[in-house]
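Some notes on the structure that comes next.
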């Protein structure tokens, strides 16, 4: 087991919801990053969970910026630190709305320009901060306040978009697997250039499950195979052990969907669509690992 | 060095001399020459800066903000739709108290597509907490850009400065230019609230009404204090480099009975109109507004005032005319002219003065 | 104040010619401004640029309505543009042409700038360079001094073929 530092950069006065997957993930992100780190945070739940001025629950400087601008702001910050000869970690920490939707242009630009930074998208699959409206990252069939009958479109495949930029390192993670997340953040920060981590962050109020079940939800996502843990260095993909095991002996998808109120009343067609997109994701990843035949 | 250059080249030359650490910009006509020239400097090694070729103007200002908060000097340039596209971040830069300097090459807004001079772009940003200055010659573009960094970075100000020059009319006009090296005119930047990982704190987190209100007042207080800083920066510039500038530029105003008030190149061309009118026995003067934010004190008591607006606020009036009416409770002859690069000559300006009707608004070239 | 309007086609260097003339006048110790009229025109379309020269600082930004001199770098623009528009009664015309008659009542000068450019291999992207030789012609006409013309050219275009071409134009222009 990787030794995880006992030093905390998240104080207990965070104003996150009970059972928040995003703040759980952030705890390990900051432990991996250490004190020479600046977080750049666009509008998202993390803007709120820092606490109210003049207090802050975070033990590293946090620069809050407008919704669409995290990656671009981090670009400028990284360039400035490097111009001073400083290797300070610049980590953009944004939700799925600020990454998959409104911030994707700035993210794409920063990746293309080979910005020396780590972009982390913590994905709770909806606009959590504004009360759970659908995002491009909401899965098909999920009920949100703007898809009261269930979302009729598929989850946008952010990772394939990021992969298209051929960056040195990208990974998926889940806040239910903190050791794995810790290692991935360490790895990403050891690399000069653009790196990216996509964290699945279960959200009790948004997904409508009781708040002590966040870790369980994350584990179910991986064990059913709907969330795959992997790393990609440029164009070399490796699927992580937990997901390989899940692929061999997957739990039924319903075990993940059933406990979540957002999937209540999911019809057969939506369920089939979810299964198909899960299968397609796996097929794509496995083909990529196997290489061209 | 003495040469001839366009307004755009003059701005770029000033940026080279003030040595920013980070320049982030996106091209747009008629500003592009500024960022191309800076990219050339960086490529040739004559400017040691990180040049970030961002994918949009929103990101240009965001990148400047991210760089500036680390305590380094930053610059960007834009125009028209680019400025409007970065509007959100323009606000952010001021409220984050970042001394970013931006050149805006004034250009009309679509539709229809129009690439020529108009001030409506920058005047739509007048309430953002940026200092705004409008220049009228190539030399003034260089000198004012250099001064802008000193003013923005002064701890009594710590607000961003927008240097405005007329699209094509100035941006692409060649005039003589003497470049100078700022030396101790521009002290090293020292941002008191620069990010410090040793002292971690939150920048711009959730803020309750009372603190928020106090921050807004702080911006206004600095805006008010900036007048003295501008005057000081201009006075020291004059001592050091022998070229003097004020909040406004006055031409034959002392005994003038009627004043033409304008901004940018129209304000300079108005001086020629004043000469024409004086030859006819009309006691005219030209009062060119250089600094629009903070708004200068004007000596207009007891005189007729003809205000030329190269801008408009639909449903109300010319923005400069409105500002003067509001502040001085006077009756102005308002002229709307030059929108979208409409040709306005000194003879036209002279006619505005001869035909002035206090309390009216005249759209030049539009038949009533 | 001496005012010049230059007619050319996009890509022929009319804007640069205006700039070179202004720079030469500036090196003569005068004040000068040069500016193009920018439309949305692309390569090949008729374009106009302007030069003002004076002993005092120039405060006028509006276009030149009644020039003292009209320079035509490409005579084919005369098919679609009235190059004499607003030209002062005593104003003159310069044509890039091997031969020419007087245009209207105006004193008309000419030099085959295209021929000079081709002889000196001054060709960029298939187009002969006209903006450096034209300075030689204007120097002969007394608009700028020949010394400043050469200085302006070498400041902006160090390749000495440009200066040589200007010298040839100076020789060839008949007063």
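Chains as they are written, first to last, in our numbering: chain L, 1 to 293; chain V, 294 to 661; chain Y, 662 to 836. In this text, a Cβ means the ideal position worked out from N, Cα and C, and glycines have one as well. These numbers were taken from a predicted model, which means no experiment stands behind them.
Q) Taking DSSP as the reference, what is the three-state secondary structure of residue 425 of chain V? A) On the second chain, residue 425 of chain V is found 132 positions in, with the first residue counted as 1. Residue 425 of chain V falls in the strand class under three-state DSSP.
**Q.** Limits of the beta strand (DSSP E) - the one that residue 471 of chain V falls within
**A.** Numbered from 1 along the second chain, position 178 holds the residue referred to as residue 471 of chain V. Segment 468-471, the beta strand (DSSP E) holding residue 471 of chain V.
**Q.** Host beta strand (DSSP E) of residue 734 of chain Y (start-end)
**A.** Indexing the third chain from 1 puts residue 734 of chain Y at position 73. Here residue 734 of chain Y belongs to no beta strand (DSSP E), and DSSP marks it neither H nor E.
Q: Using a threshold of 8 Å, state whether the C-beta atoms of residue 63 of chain L and residue 56 of chain L are closer than that.
A: By 1-based counting over the first chain, the position of residue 63 of chain L is 63. By 1-based counting over the first chain, the position of residue 56 of chain L is 56. Cβ distance not < 8 Å, so residue 63 of chain L and residue 56 of chain L don't count as in contact.
Q.
Measuring CB atoms only, is the segment 280-292 of chain L touching the segment 372-379 of chain V, in the sense that at least three cross pairs come out at less than 8 Å?
A. no
Q.
Classify residue 486 of chain V: buried if its beta carbon has 16 or more other beta carbons within 10 angstroms, exposed otherwise.
A. Position 193 of the second chain, counted from the first residue, corresponds to residue 486 of chain V. With fewer than 16 other Cβ atoms within 10 Å, it is exposed.
Q) Is the CB-CB distance between residue 649 of chain V and residue 604 of chain V below 8 Å? A) Position 356 of the second chain, counted from the first residue, corresponds to residue 649 of chain V. Position 311 of the second chain, counted from the first residue, corresponds to residue 604 of chain V. It is not a contact, given that the beta carbons lie outside the stated cut-off.
**Q.** DSSP state of residue 602 of chain V mapped onto helix, strand, coil
**A.** As a first step, residue 602 of chain V must be located in the second chain, where it is residue number 309. Of the three classes helix, strand and coil, the one that applies to residue 602 of chain V here is strand, per DSSP.
Q: Check whether the Cβ atoms of residue 718 of chain Y and residue 665 of chain Y lie closer than 8 Å to each other.
A: Indexing the third chain from 1 puts residue 718 of chain Y at position 57. Indexing the third chain from 1 puts residue 665 of chain Y at position 4. No; because the gap between Cβ atoms is not below 8 Å, this pair is not in contact.
Q: Determine whether the Cβ of residue 194 of chain L lies closer than 8 Å to any Cβ atom of chain V.
A: Numbered from its first residue, the first chain carries residue 194 of chain L at position 194. No, no contact with chain V.
Q.
Rounded to whole angstroms, what is the Cα-Cα separation between residue 795 of chain Y and residue 805 of chain Y?
A. Position 134 of the third chain, counted from the start, is the residue given in the question as residue 795 of chain Y. Position 144 of the third chain, counted from the start, is the residue given in the question as residue 805 of chain Y. Cα to Cα, residue 795 of chain Y sits roughly 11 Å from residue 805 of chain Y.
**Q.** Inter-residue spacing [alpha-carbon to alpha-carbon] between residue 200 of chain L and residue 381 of chain V
**A.** Within the first chain, the letter at position 200 stands for residue 200 of chain L. Within the second chain, the letter at position 88 stands for residue 381 of chain V. Approximately 29 Å between the Cα atoms of the pair.
Q) Quick one, which of L:5, L:27 and L:3 has its alpha-carbon nearest residue 14 of chain L's? A) Along the first chain, one-based indexing puts residue 14 of chain L at 14. Nearest option by C-alpha distance: L:27.
(Q) I'd like to know if the segment 576-583 of chain V and the segment 536-552 of chain V are in contact, where contact means that at least 3 CB-CB pairs between them fall below 8 Å. (A) yes
**Q.** Inter-residue Cα distance where the pair is residue 830 of chain Y and residue 688 of chain Y
**A.** Counting from one through the third chain, the residue named residue 830 of chain Y turns up at place 169. Counting from one through the third chain, the residue named residue 688 of chain Y turns up at place 27. Near 20 Å, if we compare the C-alpha coordinates of residue 688 of chain Y and residue 830 of chain Y.
Q) Are the Cβ atoms of residue 209 of chain L and residue 261 of chain L separated by less than 8 Å? A) Within the first chain, residue 209 of chain L is the residue found at index 209, counting from 1. Within the first chain, residue 261 of chain L is the residue found at index 261, counting from 1. Yes.
Q | CB-CB length for residue 664 of chain V against residue 439 of chain V, believed under 8 Å | A | Absent from the structure is residue 664 of chain V, since the part of chain V shown begins at 294 and ends at 661.
(Q) Distance check for residue 537 of chain V and residue 527 of chain V, CA to CA, integer angstroms please. (A) Counting from one through the second chain, the residue named residue 527 of chain V turns up at place 234. Counting from one through the second chain, the residue named residue 537 of chain V turns up at place 244. In a straight line, the C-alpha of residue 527 of chain V is about 7 Å away from that of residue 537 of chain V.
**Q.** Beta carbon of residue 334 of chain V nearer than 8 Å to that of residue 351 of chain V
**A.** Against the second chain, residue 334 of chain V aligns to sequence position 41. Against the second chain, residue 351 of chain V aligns to sequence position 58. Contact: no.
Q: Using a Cβ cut-off of 8 Å, pull out every chain Y residue sitting near residue 467 of chain V, in sequence order please.
A: In the second chain, the residue the question calls residue 467 of chain V occupies position 174. Per Cβ cutoff of 8 Å: 679, 680, 683, 684, 693, 694, 695 and 696.
(Q) So if DSSP puts residue 369 of chain V in a beta bridge, which residue, or which two residues, is it bridged to? (A) The sequence position of residue 369 of chain V within the second chain is 76, counting from 1. Beta-bridge pairing links residue 369 of chain V to V:395.
Q.
List, in chain order, every chain L residue whose beta-carbon is nearer than 8 Å to that of residue 480 of chain V.
A. Residue mapping note: residue 480 of chain V aligns to position 187 of the second chain, counting from 1. Those do not exist, as residue 480 of chain V stays about 18 Å from chain L at its closest Cβ, beyond 8 Å.
Q.
Less than 8 Å between the beta carbons of residue 454 of chain V and residue 444 of chain V, yes or no?
A. Within the second chain, the letter at position 161 stands for residue 454 of chain V. Within the second chain, the letter at position 151 stands for residue 444 of chain V. Yes, these two residues count as a Cβ contact at 8 Å.
**Q.** Residues that residue 306 of chain V contacts on chain L, provided the C-beta gap is smaller than 8 Å
**A.** Taking the first residue of the second chain as 1, we reach residue 306 of chain V at position 13. Going along chain L, no residue has its Cβ under 8 Å from residue 306 of chain V, so there is no contact; the nearest lies around 21 Å.
Q.
Less than 6 Å between C-beta atoms, sequence neighbours within five positions excluded: which residues of the same chain meet that for residue 219 of chain L?
A. Position 219 of the first chain holds residue 219 of chain L. Counting only Cβ-Cβ distances below 6 Å, and skipping sequence neighbours, we find 176.
Q: In the DSSP assignment, find the unbroken beta strand (DSSP E) run with residue 757 of chain Y in it and report its ends.
A: To locate residue 757 of chain Y, count along the third chain from 1; it is residue 96. Run containing residue 757 of chain Y: 753-757, per the beta strand (DSSP E) assignment.
**Q.** Contact list for residue 501 of chain V against chain L, beta-carbon separation under 9 Å
**A.** As a first step, residue 501 of chain V must be located in the second chain, where it is residue number 208. Result: 52 and 53.
(Q) Using a Cβ-Cβ distance cut-off of 8 Å, determine whether residue 381 of chain V contacts chain L. (A) Here residue 381 of chain V refers to the residue found at position 88 of the second chain. Yes, residue 381 of chain V counts as interfacial toward chain L.
Q.
Could you tell me the alpha carbon to alpha carbon distance between residue 163 of chain L and residue 290 of chain L, rounded to whole angstroms?
A. Walking along the first chain from the start, residue 163 of chain L turns up at place 163. Walking along the first chain from the start, residue 290 of chain L turns up at place 290. The straight-line gap from Cα to Cα measures roughly 17 Å.
**Q.** residue 139 of chain L beta carbon less than 8 Å from that of residue 155 of chain L
**A.** Against the first chain, residue 155 of chain L aligns to sequence position 155. Against the first chain, residue 139 of chain L aligns to sequence position 139. Contact flag set, yes.
(Q) Tell me which residues share the same chain as residue 448 of chain V and place their Cβ nearer than 7 Å to its Cβ, disregarding the 5 neighbours each side in the sequence. (A) Translated into positions along the second chain, residue 448 of chain V becomes position 155. Excluding sequence neighbours, residue 448 of chain V sits near 485.
(Q) For residue 428 of chain V and residue 469 of chain V, what's the separation of their Cα atoms in angstroms? (A) Numbered from 1 along the second chain, position 135 holds the residue referred to as residue 428 of chain V. Numbered from 1 along the second chain, position 176 holds the residue referred to as residue 469 of chain V. Residue 428 of chain V and residue 469 of chain V: Cα-Cα distance of roughly 15 Å.
Q. In terms of alpha-carbon separation, which member of V:417, V:503, V:478 and V:426 lies closest to residue 606 of chain V?
A. On the second chain, residue 606 of chain V is found 313 positions in, with the first residue counted as 1. Closest option to residue 606 of chain V, Cα to Cα, is V:417.
Q | Closest Cα partner of residue 398 of chain V within the set V:324, V:392, V:465 and V:451 | A | Taking the first residue of the second chain as 1, we reach residue 398 of chain V at position 105. Nearest C-alpha to residue 398 of chain V: V:324.
Q: Name, going along the chain, the residues of the segment 92-121 of chain L whose beta-carbon falls closer than 9 Å to a beta-carbon of chain V.
A: 105, 106, 108, 109, 110, 112, 113 and 115
Q. Are there 16 or more other CB atoms within 10 angstroms of the CB of residue 179 of chain L, so buried, or fewer, so exposed?
A. Residue mapping note: residue 179 of chain L aligns to position 179 of the first chain, counting from 1. Answer is exposed; the Cβ neighbour count stays below 16.
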